[in-house]
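Undergrad:
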Amino acid sequence: RILVYGGCLTIGWPSGDNYARSMVDKLGELGIYTEVIGCGISDKSAGELAGAMRKKAVYDKMGLRGEGILRLLKRRGPFDLVLIWMGIGDVARGNLAEGVLDMHKACH
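Quick look at the structure:
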(Lines of atoms letter the chains of each structure in order from A and count residues from 1; the text may use other names and numbers.)
(Lines give C-alpha, C1' and ligand atoms only; values in the text may rest on other atoms or scores of the structure.)
Protein backbone atom coordinates (compact mmCIF):
# COMPACT_ATOMS: atom_id res chain seq x y z
CA ARG A 1 0.00 0.00 0.00
CA ILE A 2 1.25 3.43 -0.97
CA LEU A 3 0.24 6.89 0.24
CA VAL A 4 0.94 9.84 -2.05
CA TYR A 5 0.61 13.13 -0.12
CA GLY A 6 1.36 16.65 -1.19
CA GLY A 7 0.39 19.78 -3.03
CA CYS A 8 -0.90 20.74 -6.43
CA LEU A 9 1.24 18.26 -8.38
CA THR A 10 -0.24 15.40 -6.34
CA ILE A 11 -3.76 16.27 -7.51
CA GLY A 12 -2.53 16.65 -11.05
CA TRP A 13 -2.22 20.38 -11.61
CA PRO A 14 -2.13 21.72 -14.25
CA SER A 15 -2.96 18.71 -16.46
CA GLY A 16 -5.62 17.19 -14.19
CA ASP A 17 -3.76 13.86 -14.28
CA ASN A 18 -4.06 12.65 -10.67
CA TYR A 19 -0.69 11.25 -9.54
CA ALA A 20 -2.08 8.36 -7.47
CA ARG A 21 -4.31 7.23 -10.34
CA SER A 22 -1.41 7.51 -12.79
CA MET A 23 0.77 5.47 -10.45
CA VAL A 24 -1.82 2.68 -10.19
CA ASP A 25 -2.17 2.61 -13.99
CA LYS A 26 1.58 2.51 -14.61
CA LEU A 27 2.26 -0.13 -11.93
CA GLY A 28 -0.60 -2.23 -13.35
CA GLU A 29 0.97 -2.08 -16.82
CA LEU A 30 4.11 -3.51 -15.21
CA GLY A 31 2.14 -6.31 -13.53
CA ILE A 32 2.42 -4.75 -10.07
CA TYR A 33 -0.95 -4.48 -8.36
CA THR A 34 -1.14 -2.35 -5.25
CA GLU A 35 -3.46 0.11 -3.56
CA VAL A 36 -2.44 3.76 -3.88
CA ILE A 37 -4.15 6.41 -1.75
CA GLY A 38 -3.68 9.99 -2.89
CA CYS A 39 -4.24 13.22 -0.98
CA GLY A 40 -3.28 16.41 -2.76
CA ILE A 41 -4.08 19.83 -1.34
CA SER A 42 -3.32 22.71 -3.67
CA ASP A 43 -2.13 26.19 -2.65
CA LYS A 44 -0.68 25.01 0.69
CA SER A 45 3.01 25.16 1.53
CA ALA A 46 4.87 22.25 3.10
CA GLY A 47 4.95 24.25 6.34
CA GLU A 48 1.18 24.78 6.24
CA LEU A 49 0.54 21.08 5.64
CA ALA A 50 3.00 20.16 8.40
CA GLY A 51 1.09 22.48 10.74
CA ALA A 52 -2.17 20.77 9.77
CA MET A 53 -0.93 17.18 10.22
CA ARG A 54 -3.61 16.27 12.77
CA LYS A 55 -6.53 18.06 11.11
CA LYS A 56 -9.59 16.17 9.96
CA ALA A 57 -10.18 18.66 7.16
CA VAL A 58 -7.75 20.85 5.23
CA TYR A 59 -9.32 22.94 2.47
CA ASP A 60 -7.63 24.46 -0.54
CA LYS A 61 -8.63 27.78 -2.11
CA MET A 62 -11.17 26.02 -4.35
CA GLY A 63 -12.89 24.48 -1.33
CA LEU A 64 -11.66 20.96 -2.04
CA ARG A 65 -11.07 18.92 1.11
CA GLY A 66 -8.03 16.90 2.12
CA GLU A 67 -6.81 15.89 5.55
CA GLY A 68 -3.69 16.09 7.66
CA ILE A 69 -1.08 13.42 7.03
CA LEU A 70 -1.07 12.07 10.62
CA ARG A 71 -4.84 11.68 10.59
CA LEU A 72 -4.66 10.02 7.18
CA LEU A 73 -1.93 7.62 8.35
CA LYS A 74 -3.99 6.65 11.40
CA ARG A 75 -7.30 6.36 9.56
CA ARG A 76 -6.15 4.65 6.35
CA GLY A 77 -2.79 3.08 7.30
CA PRO A 78 -0.60 1.20 7.56
CA PHE A 79 1.30 1.98 4.38
CA ASP A 80 4.40 0.31 2.99
CA LEU A 81 5.55 3.51 1.31
CA VAL A 82 4.67 7.19 1.77
CA LEU A 83 5.60 9.70 -0.94
CA ILE A 84 5.52 13.35 0.11
CA TRP A 85 5.46 15.45 -3.02
CA MET A 86 5.79 19.19 -2.45
CA GLY A 87 7.73 21.81 -4.24
CA ILE A 88 6.45 24.39 -6.68
CA GLY A 89 5.17 27.00 -4.23
CA ASP A 90 7.76 26.13 -1.60
CA VAL A 91 10.70 26.52 -3.94
CA ALA A 92 9.41 29.96 -4.87
CA ARG A 93 9.12 30.84 -1.17
CA GLY A 94 12.47 29.22 -0.29
CA ASN A 95 11.10 27.07 2.55
CA LEU A 96 10.69 23.54 1.22
CA ALA A 97 12.88 21.45 3.50
CA GLU A 98 11.53 22.13 6.99
CA GLY A 99 7.86 21.30 6.36
CA VAL A 100 8.67 18.19 4.33
CA LEU A 101 11.08 17.01 7.03
CA ASP A 102 8.39 17.48 9.70
CA MET A 103 5.91 15.41 7.68
CA HIS A 104 8.57 12.77 7.00
CA LYS A 105 9.29 12.43 10.73
CA ALA A 106 5.57 12.02 11.41
CA CYS A 107 5.53 8.92 9.20
CA HIS A 108 7.92 7.04 11.50
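So in the numbering used here, spot 70 of the sequence shown is number 228, and the numbers just go up one at a time.
Glycine included, C-beta positions come from ideal geometry on N, C-alpha and C.
Alpha carbon to alpha carbon, how far is Ala208 from Ile169? Give it in angstroms, no decimals.
TA: One-based indexing of the sequence shown puts residue 169 at position 11. One-based indexing of the sequence shown puts residue 208 at position 50. The alpha-carbon atoms of Ile169 and Ala208 are separated by roughly 18 Å.
Undergrad: Measuring only the C-alpha atoms, how far is His266 from Leu239?
TA: Reading the sequence shown from its first residue, position 108 is the one you call residue 266. Reading the sequence shown from its first residue, position 81 is the one you call residue 239. Using only the alpha carbons, I get a separation of about 11 Å.
Undergrad: Just the Cα atoms here: how many angstroms apart are Ala210 and Ile160?
TA: Sequence index remark: in the sequence shown, residue 210 carries index 52 (1-based). Sequence index remark: in the sequence shown, residue 160 carries index 2 (1-based). Cα to Cα, Ala210 sits roughly 21 Å from Ile160.
Undergrad: Please identify the residue among Arg223, His262, Gly257 and Ile190 whose C-alpha is closest to the C-alpha of Leu241.
TA: Residue numbering aside, residue 241 sits at position 83 when the sequence shown is read from its first letter. If we check each option's Cα against that of Leu241, His262 comes out closest.
Undergrad: Threshold first: 4 residues or longer. Then list the alpha helix (DSSP H) segments lying entirely within the stretch 180-253, N to C.
TA: Fully enclosed alpha helix (DSSP H) runs of 4 or longer: 204-209, 227-234 and 246-251.
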